[in-house]
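Novice:
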Amino acid sequence: MKAIDLTYTIKEEMTVFPGTEMPKLINTSNYEKDGFRETSISIYSHVGTHMDPPAHIYPDRTTLDEFPASQFIGKGLVIDCRDLNEGEDITLDCILKYGKKAEKVDFLLFNTGWDKYWGTDKYFGDYPCVNDDVLDYVLNGNYKGIGFDTIGIDPVSDEKLTRHKKLFKDKDIVNIENLKNLELCGDKIFNFSCCPLKVENSDGAPVRAVAWFE
Numbered sequence: 021m022k023a024i025d026l027t028y029t030i031k032e033e034m035t036v037f038p039g040t041e042m043p044k045l046i047n048t049s050n051y052e053k054d055g056f057r058e059t060s061i062s063i064y065s066h067v068g069t070h071m072d073p074p075a076h077i078y079p080d081r082t083t084l085d086e087f088p089a090s091q092f093i094g095k096g097l098v099i100d101c102r103d104l105n106e107g108e109d110i111t112l113d114c115i116l117k118y119g120k121k122a123e124k125v126d127f128l129l130f131n132t133g134w135d136k137y138w139g140t141d142k143y144f145g146d147y148p149c150v151n152d153d154v155l156d157y158v159l160n161g162n163y164k165g166i167g168f169d170t171i172g173i174d175p176v177s178d179e180k181l182t183r184h185k186k187l188f189k190d191k192d193i194v195n196i197e198n199l200k201n202l203e204l205c206g207d208k209i210f211n212f213s214c215c216p217l218k219v220e221n222s223d224g225a226p227v228r229a230v231a232w233f234e
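Residues in the sequence shown are numbered from 21 upward in steps of one, following our numbering.
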């Protein structure tokens, strides 16, 4: 079995959304004194490779811990959008070129190639974003989730979170942000998992996103 890790490592000095505090990893027990090592971990719920549920945007909507575990496992397909220019829309044509394959999966993962800018200021730049037609296609389908190799489904400049609001308004679906290595998945359907920490009343959580091939 071949497995591909699509996840950034959480560490103290890492890329975070503007205004978010970086993680704090504090050693609380050590081998010499205690005979074991233990770490206090302080992180925001949307740090690194993470998942948004509807409750991220709307009160009284589904939180991550309310989803069944089956929501986070299924078939995935990478939608290659690396030919797009900065600020250009991800359109429905990007999906339709995959034909019936796009209809047979649970997760559509959009590869803009933007992960190459991780750790630089350009990561917060004008990355491609999905347009309304793509969101309508997703909302009319039977998808468990969508994912991106960018810091958000909305542009950083969109403080109204227009795309988040449309995605989560009426549908129980998840959104994964800050994926990496999507180009390693090719253009075939693969097994995909993206299990988040199970935190009570969760508005989001880091995930370990993995693609694997039998």
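All C-beta atoms, glycine included, are put in the ideal place defined by N, C-alpha and C.
From the DSSP output, in three-state form, read off His70 for me.
Specialist: In the sequence shown, residue 70 corresponds to position 50, counting from 1. Three-state DSSP puts His70 in a strand.
Novice: Would you say the region 158-166 touches the region 191-200, given that touching needs at least three Cβ pairs under 8 angstroms?
Specialist: Put simply, the region 158-166 touches the region 191-200. At least three CB pairs are less than 8 angstroms apart.
Novice: Pull up the distance between the alpha-carbon of Asp283 and that of Ile77, whole angstroms please.
Specialist: Because the chain spans 21 through 234 in this model, residue 283 falls outside it and cannot be assessed.
Novice: Report back the beta-carbon spacing between Tyr163 and Asp207 to the nearest angstrom; my notes put them in contact at under 8 angstroms.
Specialist: The count along the sequence shown starts at 1 and reaches residue 163 at position 143. The count along the sequence shown starts at 1 and reaches residue 207 at position 187. That pair is no contact at about 18 angstroms.
Novice: Would you mind sorting Pro202 into buried or exposed? The rule is 16 or more other CB atoms within 10 Å of its CB.
Specialist: Against the sequence shown, residue 202 aligns to sequence position 182. It should be pointed out that residue 202 corresponds to Leu in this sequence rather than to Pro. With at least 16 other beta carbons inside 10 angstroms of its own, Leu202 counts as buried.
Novice: Touching or not, the region 51-68 and the region 94-113, by the rule of three or more beta carbon pairs under 8 angstroms?
Specialist: no
Novice: How is Phe92 classed by DSSP in three states: helix, strand or coil?
Specialist: The count along the sequence shown starts at 1 and reaches residue 92 at position 72. Note: Phe92 maps to helix in three-state DSSP.
Novice: How about Val219 and Asp85: are their beta carbons less than 8 angstroms apart?
Specialist: Locating residue 219 in the sequence shown gives position 199, where the first residue counts as 1. Locating residue 85 in the sequence shown gives position 65, where the first residue counts as 1. Yes, these two residues count as a Cβ contact at 8 angstroms.
Novice: To the nearest angstrom, how far is it from the Cα of Asp174 to the Cα of Lys53?
Specialist: Along the sequence shown, one-based indexing puts residue 174 at 154. Along the sequence shown, one-based indexing puts residue 53 at 33. About 47 angstroms.
Novice: Distance, Cα to Cα, Thr111 vs Asn151?
Specialist: Here residue 111 corresponds to residue number 91 of the sequence shown, with the count starting at 1. Here residue 151 corresponds to residue number 131 of the sequence shown, with the count starting at 1. Cα to Cα, Thr111 sits roughly 6 angstroms from Asn151.
Novice: Any idea if Gly55 is buried or exposed, counting beta-carbon neighbours within 10 angstroms, 16 or more meaning buried?
Specialist: For the purposes of this step, residue 55 is taken as residue 35 along the sequence shown, with counting starting at 1. So Gly55 counts as exposed.
Novice: Among the candidates Glu41, Pro74, Ser49, whose CA atom is the shortest distance from the CA of Tyr63?
Specialist: In the sequence shown, the residue the question calls residue 63 occupies position 43. At residue 63 the sequence reads Ile, which differs from the Tyr that was named. Nearest C-alpha to Ile63: Glu41.
Novice: At what residues does the alpha helix (DSSP H) containing Val158 begin and finish?
Specialist: Counting from 1 along the sequence shown, the entry for residue 158 is found at position 138. Annotation: the continuous alpha helix (DSSP H) that includes Val158 extends over 152-160.
Novice: Within its chain, find whatever has a CB closer than 6 angstroms to the CB of Asn221; leave out the 5 residues flanking it on each side and keep chain order.
Specialist: The sequence position of residue 221 within the sequence shown is 201, counting from 1. Excluding sequence neighbours, Asn221 sits near Thr83.
Novice: For Gly119, count the other beta carbons within 10 Å of its own beta carbon; 16 or more makes it buried, fewer makes it exposed. Which is it?
Specialist: Working through the sequence shown from its first residue, we reach residue 119 at position 99. When all chains shown are included, Gly119 counts as exposed.
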